[in-house]
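Novice:
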Amino acid sequence: MTARPTAAIVTVGTELVTGLSVDTNSAEVARALTRSGFAVAEAVSAGDDATLLAGVLRRLLAAHAMVVTTGGLGPTHDDVTRDAASAATGRPLERDEAVAEALSHIALRHEDPVAAEQVFRQALVLRGARVLPAATGTAPGQVLDGLPGTLALLPGPPAEMRPMLADLLGEDGGAAPPAVLGIAGMPEGDAQRIAERALQGVEGVTLGVLAVIGDVKVVLYDDGAGPDALAAAARRVADAFGEACYSAKGETLAEAVLAAARARGLKLAVAESCTGGMVAVLLTDVAGASDTFV
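Each residue of the sequence shown is one higher than the one before, starting from -4 at the first, in the working numbering.
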């Protein structure tokens, strides 16, 4: 069980749950929350259904210290996040006149009076919420504290979401980013056992093991240890793996191989048969590979 406050992420949009668009916001928000000291426990997507989304928000707000939504804050009928948040929290939506004034020039662009009026839906704010101004785009975000946790509503377009995410969480909340060790030449289960033994007696560090193409990632999360203790734990685990640990900097195996060749002034070539060019693909996926791979 984590010692950190937990957080959940909700990405909103029928285009996400139908596969029309790919959710890229969850990963970005999760990294920011982790840096700020939260343990991200859940990330879910919900369609443009206010009743369904309200139920999701009620459950998550009851379980976590922070819930961040992205999407559904625009002016059209399928932008339901504000209504769902109002239903989930019991806080009515109220028109923020400062936001409405900022939107007025947008409304003037519409010839259709209904479309013009719809623009002002973006000025509806949960009672008691703090407005996050839109640096780009038109939809502001909003943050509501004391639920007893915090609910943050952010827009869906990444360029609009990012400045508000930084406003919400700050650039760095003091938590160390995860330490990622690359392990080659052994199965995932063996890597887990070696890491577990190396971490015996170490507190405040949570272990994760991920199997990826060609190798295994051993991930150490700061769960209260702090940056210095996490770095010490990473060195301890790396030492336990010996030469099987090819990187303690989060590199892929291809990145580490190219870096090692580059550092020695060597060129790298491969001869493939049954792999059908897959090794070359992994190497050339690395930016700048052409200066070393021939």
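Beta carbons are placed, not taken as given, at the ideal position from N, Cα and C, and that holds for glycine.
Hey, quick one: how far does the beta strand (DSSP E) through S242 stretch, first residue to last?
Specialist: From DSSP, the beta strand (DSSP E) with S242 extends over 240 to 242.
Novice: Would you mind reading off the limits of the beta strand (DSSP E) that contains S40?
Specialist: 34 to 41 is the span of the beta strand (DSSP E), which, as asked, contains S40.
Novice: Taking buried to mean at least 16 other C-beta atoms within 10 Å of its own C-beta, is G184 buried or exposed?
Specialist: G184 should be labelled exposed.
Novice: Tell me where the alpha helix (DSSP H) around V274 begins and ends.
Specialist: Here the alpha helix (DSSP H) through V274 covers 273 to 279.
Novice: If you run the structure through DSSP and keep just helix, strand and coil, what is G209?
Specialist: G209: coil per DSSP, three-state reduction.
Novice: What does M61 pair with, by DSSP beta-bridge criteria?
Specialist: In DSSP, M61 forms a bridge with A2, T145.
Novice: Among the candidates T133, A79, A118, whose CA atom is the shortest distance from the CA of G42?
Specialist: Among T133, A79, A118, the Cα nearest to that of G42 is on A79.
Novice: Within its chain, find whatever has a CB closer than 7 angstroms to the CB of A248; leave out the 5 residues flanking it on each side and keep chain order.
Specialist: It should be noted that the sequence gives Leu, not Ala, for residue 248. Cβ within range, chain order: G177, A179, G209, D210, Y241.
Novice: Need the endpoints of the alpha helix (DSSP H) that Q137 sits in, please.
Specialist: That residue, Q137, is in no alpha helix (DSSP H); its beta strand (DSSP E) goes 136 to 139.
Novice: On the criterion of 16 or more Cβ atoms from any shown chain inside 10 Å, does A124 qualify as buried, or is it exposed?
Specialist: With 16 or more other Cβ atoms within 10 Å, it is buried.
Novice: Just to confirm, are L263 and T279 a CB contact at a threshold of 8 angstroms?
Specialist: It is not a contact, given that the beta carbons lie outside the stated cut-off.
Novice: Tell me the rounded alpha-carbon separation between S268 and P135.
Specialist: One C-alpha to the other measures close to 55 angstroms.
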